[in-house]
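Residue numbers (the numbering used here), protein chains in the order written: chain A, 1 to 145; chain B, 146 to 571.
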């Protein structure tokens, strides 16, 4: 496995910016879209939890790298309808760690059963809020310099 | 650093006009406690209840469990940086009220578990069913945001625990235990032939209902750092997380961390317990790399021979756990990791979201997907509104006789990953 490089800040060698990473938020959470799209690049998909993870996996397969963990949060993939992740916008050689992380997240979906019809609007709103706070904690790290 | 812990055994709790502890019985003035809790303008009301071991009572959704303690001698006070000033704690004398806890409950989000059954099969899965629990259900003002409510309930619990702890300040403890560790240099000189061991303690740090605080600092923002093993006994680490309740550490667990206590027990006998290292479990992958690099660096700088690593949670923290394990092992230091498992209801699925050959010494706290039937109990403190819908819910969850078929992940502390649990293997 190649050395893993995380982070999305530019770093400078010989006074030249040799690499400027830029990120996008990929999400199926409308609250993340509404709160973040004025500040960040947001790619919103109106779809289910497994489907959004598969969209993210397809991006990983063409060389976009995960910047956050797709199994963030203690409400498991089969237990929450929403997931947001941060990814590099540009394409690189496929990052094996990203492949493993997203594959493992999709597999985890099978262990839990989610029944959105059993939740009222307040619960769904709270799922959106929790997912948003999880991605916000990552944005704070990503934007700290 | 030396800390004398005085243990005062509480045999019962009773509501009374005056708060006091007499002959091992705690009398609580709910008026006084209510006035204290409602100092926070985010809270509209609070109700109190008492749940005793063996009673037909279910407490849910549980937010935190806290052991009342008081600083009697020495620097600082309990819950530094939150209730007391931020002085370094862990030395002098502290009293703890044993056999009881303050339990905070409240429906902070519209899906939330966290169950403590005081009797029946559910009680067997949680260590907190063995305590006399003073339960506080806090009601927020209208239109409050979940994070404001979470903070208000979190602080209310610490205030109540500190208030009750203070009642013990002039008492004589039933039992006393002295914990002492040396500085790095003293320890090396004193125990030259004993293996040097530290505890790498991973703390939840991801966002709302997924946070932990160290001396009042959000653990998301810490770099891995060293504590004296006795600091956690004075409340240096407190909980702000409770969802997926089976493998989250309530504050009570931080105060009574069994890894810390067992390592202290062996200190000077079979090992030299060098220090307690705390690190985080952030969502951002660069933070994971930084923190795991730093834990490995600290372990190397301390010339350790062995490390115990415990994680908190599942999924995202599995990655931190394996990164910590791999990097520490790569420094030539042996590791033992403590985790729980999400292996599916049949136990046949991959248990962790990450793995590595370096993780060749693993202690498991059990399979959180294991199914249990919780019988209907006579009384519920809190609400059952959402318990039937989360954490292993199925069409069979709420059965005709009122019992609940759930996975043990709903039960507070069922698969606790520092080993503060009742599960074991035969």
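Note that beta-carbon positions come from the ideal geometry of N, C-alpha and C, so glycine has one too.
Sequence-distant partners of residue 226 of chain B (beyond 5 residues in either direction) whose C-beta falls short of 6 Å from its own C-beta, in its chain, are 360, 361.
Taking the CA atoms as reference points, residue 327 of chain B sits about 47 Å from residue 127 of chain A.
For residue 503 of chain B, no Cβ of chain A is located within less than 8 Å of the residue's own Cβ.
Here residue 252 of chain B carries a coil assignment [DSSP, helix/strand/coil].
Contact between residue 398 of chain B and residue 224 of chain B does not hold, since the beta-carbon distance rounds to 15 Å and is not under 8 Å.
Close to chain A, meaning a Cβ-Cβ distance shorter than 8 Å, are the following residues of the stretch 453-478 of chain B: 458, 459, 460, 461, 463, 464. For residue 212 of chain B and residue 517 of chain B, the gap between their C-alpha atoms comes out near 28 Å. Inclusion of residue 214 of chain B and residue 262 of chain B in the CB contact set at 8 Å is not warranted, their separation being larger than that value. Of the residues assessed, residue 323 of chain B falls on the exposed side of the cut-off, its CB having fewer than 16 other CB atoms within 10 angstroms. Judged by beta-carbon spacing, residue 187 of chain B lies within the 8 Å limit of residue 286 of chain B, meaning their Cβ atoms are closer than that value. Runs of beta strand (DSSP E) with 3 or more residues, each lying fully within the stretch 159-185 of chain B, are found at 165-167, 170-173, listed in chain order. With a cutoff of 8 Å on beta-carbon distance, residue 67 of chain A and residue 429 of chain B are scored as near each other. The beta carbon of residue 291 of chain B falls within 8 Å of a beta carbon belonging to chain A, placing the residue at that interface. Closer than 8 Å at the C-beta level to chain A, one finds these residues of the stretch 370-391 of chain B: 386, 388, 389. In this structure, residue 433 of chain B and residue 465 of chain B form a Cβ contact; the two beta carbons are roughly 5 Å apart against a cut-off of 8 Å.
By the criterion of a C-beta distance shorter than 7 Å, residue 231 of chain B is surrounded in its chain by 225, 360, 361, once the five residues flanking it on both sides are discounted. In this structure, residue 154 of chain B keeps its C-beta atom at 8 Å or more from the C-beta atom of residue 379 of chain B. Taking all protein chains shown into account, residue 455 of chain B has 16 or more neighbouring C-beta atoms within 10 Å of its C-beta and is therefore buried. Residues of chain B with a Cβ closer than 7 Å to the Cβ of residue 126 of chain A are, in chain order, 254, 255, 256, 291. Against chain A, the CB of residue 346 of chain B has no partner CB under 8 Å away; the residue lies outside that interface. The Cβ-Cβ distance between residue 149 of chain B and residue 321 of chain B falls below 8 Å. In the DSSP assignment, residue 554 of chain B forms no beta bridge with any residue. As the crow flies, the alpha-carbon of residue 302 of chain B is around 9 Å from that of residue 250 of chain B. Under the three-pair Cβ rule at 8 Å, the stretch 80-94 of chain A counts as touching the stretch 53-69 of chain A. Under the three-state reduction of DSSP, residue 451 of chain B is assigned to strand. For residue 489 of chain B and residue 73 of chain A, the gap between their C-alpha atoms comes out near 18 Å.
With a cutoff of 8 Å on beta-carbon distance, residue 501 of chain B and residue 471 of chain B are scored as near each other. Under the three-state reduction of DSSP, residue 489 of chain B is assigned to coil, being neither helix nor strand. Going by beta carbons, residue 477 of chain B and residue 122 of chain A fall outside the 8 Å limit. Using beta-carbon distances, residue 133 of chain A counts as an interface residue toward chain B, with a partner under 8 Å. In this structure, residue 259 of chain B lies near residue 206 of chain B, with their beta-carbon atoms less than 8 Å apart. With fewer than 16 other Cβ atoms inside 10 Å of its own Cβ, residue 340 of chain B counts as exposed.
The Cβ of residue 531 of chain B sits closer than 8 Å to at least one Cβ of chain A. A Cβ-Cβ contact shorter than 8 Å links residue 161 of chain B with residue 174 of chain B.
In this structure, the alpha-carbon of residue 292 of chain B lies about 27 Å from that of residue 402 of chain B. Per the DSSP secondary-structure output, residue 468 of chain B pairs with nothing in a beta bridge.
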